[in-house]
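Counting in the UniProt record's numbering, the sequence shown runs from 1 upward without gaps.
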Amino acid sequence: MALKNSTSKSTNSFANIQKCLSTHGAQRMIFDYDQQGKVRALSFGLEIDGKMLGFKLPARLENVSRIMYGCLLCDLGEGVIADKKRDQVYKTAWANIRDWIVAQMAMIDTQMVKFEEVFLPYIVDKNNETLFEKVENKNFLLGDGK
């Protein structure tokens, strides 16, 4: 099975993501970078029912690398071929996020879903932890975890 966007050449995923989110009311977009200058997550705010909510969309590049090449980014080695593989992981991850956002916005635009319904796992608390991460840390038990 071919992976979606695994041969993506797109260099404008970020511009497309910013445009899509901003036209749907997103504010305060922040890109979180790693030590190599690569974007690892996108955070943004959106006002819903008069309340500003924060969201974080992680790229999880290591997972993409593991699926595409069977190893972590750091294990791809050195040289031109390894650099091209790392670059493709990056392009693939962000192209998939771009496509996912566009698809969600199409459903929101047609009122099939509400914004908070599809972005709920990515809402962040005061510690910048997503709702998904909080629930995952409690083995997906809701409430006090019992």
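In this text, a Cβ means the ideal position worked out from N, Cα and C, and glycines have one as well.
Note that the coordinates shown come from a computational prediction; the quantities given were computed from them, not determined experimentally.
Opening and closing residue of the alpha helix (DSSP H) in which residue i lies
i, result
"glutamine 18", "13-23"
"glutamine 3", "The sequence shown places leucine at residue 3, rather than the glutamine named in the question. Where leucine 3 is concerned, there is no enclosing alpha helix (DSSP H), given that its DSSP letter is neither H nor E."
"asparagine 137", "131-137"
"valine 118", "115-119"
Cβ shell of residue i (< 8 Å), same chain only, five flanking positions each side left out
i, result
"serine 6", "Met68, Gln88, Thr92"
"arginine 60", "Ala93"
Proximity of residue i and residue j at Cβ, strictly below 9 Å
i, j, result
"phenylalanine 115", "isoleucine 30", "no"
"tryptophan 94", "phenylalanine 44", "no"
"residue 150", "serine 10", "Residue numbering for the chain in the displayed model covers 1 to 146; residue 150 lies beyond these limits and cannot be assessed."
"leucine 42", "aspartate 34", "no"
"glutamate 62", "leucine 72", "yes"
"asparagine 96", "lysine 4", "yes"
"tyrosine 90", "lysine 134", "no"
Proximity test, Cβ basis, 9 Å: residue i and chain B
i, result
"valine 135", "Among the chains of the structure shown, chain B does not appear; only one protein chain is present."
Spatial neighbours of residue i in its chain, beta-carbon cut-off 7 Å, leaving aside the 5 residues before and after
i, result
"leucine 120", "Leu131"
Cβ-based neighbour list, residue i, same chain, cut-off 6 Å, excluding 5 preceding and 5 following
i, result
"lysine 84", "none"
"proline 58", "Ala41"
Runs of alpha helix (DSSP H) wholly within the stretch 25-101 (minimum 4 residues, chain order): Here the runs fully enclosed are 61-69.
Is there contact between the stretch 6-20 and the stretch 106-120, where contact requires at least three CB pairs shorter than 8 Å? At 8 Å Cβ cutoff, the stretches do not touch.
Does the stretch 110-124 touch the stretch 48-55, meaning 3 or more C-beta pairs lie closer than 8 Å? Using a C-beta cut-off of 8 Å, the stretch 48-55 makes contact with the stretch 110-124, since at least three inter-stretch Cβ pairs fall below that distance.
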